[in-house]
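Enquirer: Below: one structure in structure tokens.
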Amino acid sequence: MNALMSPLLSQPILLTPADGKDPAATAATAAEVRAIVGLAHARGARSLTIGSGRLPHATAAAHAIAAAWQAAGGTVTGTITWPESAASWLRQAVAFTRDDPDLWVMAGPVLGWAQMTRRLLWSTNWRPERTLATAAIGRRAALDLVGVLNLPGFSGATAAGEMWTVTQEMR
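When we follow this note's numbering, the leftmost residue of the sequence shown carries the number 138, and every step to the right adds one.
Right under this line is the structure:
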């Protein structure tokens, strides 16, 4: 089992559930991709910048979302990847926000996403309410690594294609 400790948590969280199947280690489902594209259209977006971790399942999710978005007539202003560990993630954060798209889209893995998101909050014009994310990131344990207080309006799709949103009630 893989445990992770964050200064925002009172105890470690398990990144791998007891059944050994890590939902963050799978590519986005077709329903998830359709839902993210639908959510972006519902928000009136025309352009997306898509970012993900560098593991194969994360880049596959990012590519699937980009292809579906472009097939639906949208524009992808940029795609970037970030490492699971880095000195600061500043270079990736600046690249992710450079084009100021209508919406940003993020795919895991969770640890790199959390570090990248902290850097985005500290150093860029990134806004959580202008961001959609994949199912793995929408798990409460993942959101707690950044702190739900820092993510108002952050939303995305579950693997089944349902929407999730960080709300005040989650605090």
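For every residue, glycine included, the Cβ atom is placed at its ideal position computed from N, Cα and C.
What does DSSP give as the partner residues of residue 300 in its beta bridges?
Expert: The partner list for residue 300 (beta bridge, DSSP) reads 294.
Enquirer: Name the two residues that bound the continuous alpha helix (DSSP H) containing residue 260.
Expert: Segment 247-260, the alpha helix (DSSP H) holding residue 260.
Enquirer: Beta-carbon separation of residue 178 and residue 209 under 8 Å?
Expert: Yes, they are a contact pair.
Enquirer: Spatial neighbours of residue 279 within its chain, please: CB distance less than 6 Å, with the 5 preceding and 5 following residues excluded, ordered by chain position.
Expert: Taken in chain order, the residues that qualify are 247.
Enquirer: Quick one: what does DSSP say residue 275 is sitting in, helix, strand or coil?
Expert: Of the three classes helix, strand and coil, the one that applies to residue 275 here is helix, per DSSP.
Enquirer: In whole angstroms, give me the CA-to-CA distance for residue 217 and residue 244.
Expert: Those two C-alpha atoms are separated by around 11 Å.
Enquirer: So for residue 241, helix, strand or coil by DSSP?
Expert: It is a strand residue.
Enquirer: Alpha carbon to alpha carbon, what distance is there between residue 198 and residue 231?
Expert: Rounded to whole angstroms, residue 231 to residue 198 spans 22 Å at the Cα level.
Enquirer: So which of 270, 281, 286 and 308 has the shortest CA-CA distance to residue 299?
Expert: For the residues 270, 281, 286 and 308, the minimum Cα distance to residue 299 belongs to 270.
Enquirer: Name the residue from 188, 223, 220 and 297 whose alpha carbon lies nearest to the alpha carbon of residue 214.
Expert: The option with the nearest alpha carbon to residue 214 is 188.
Enquirer: Tell me where the beta strand (DSSP E) around residue 269 begins and ends.
Expert: First-last of the beta strand (DSSP E) with residue 269: 268-270.
Enquirer: So, helix, strand or coil for residue 185, using DSSP?
Expert: Correct three-state label for residue 185: strand.
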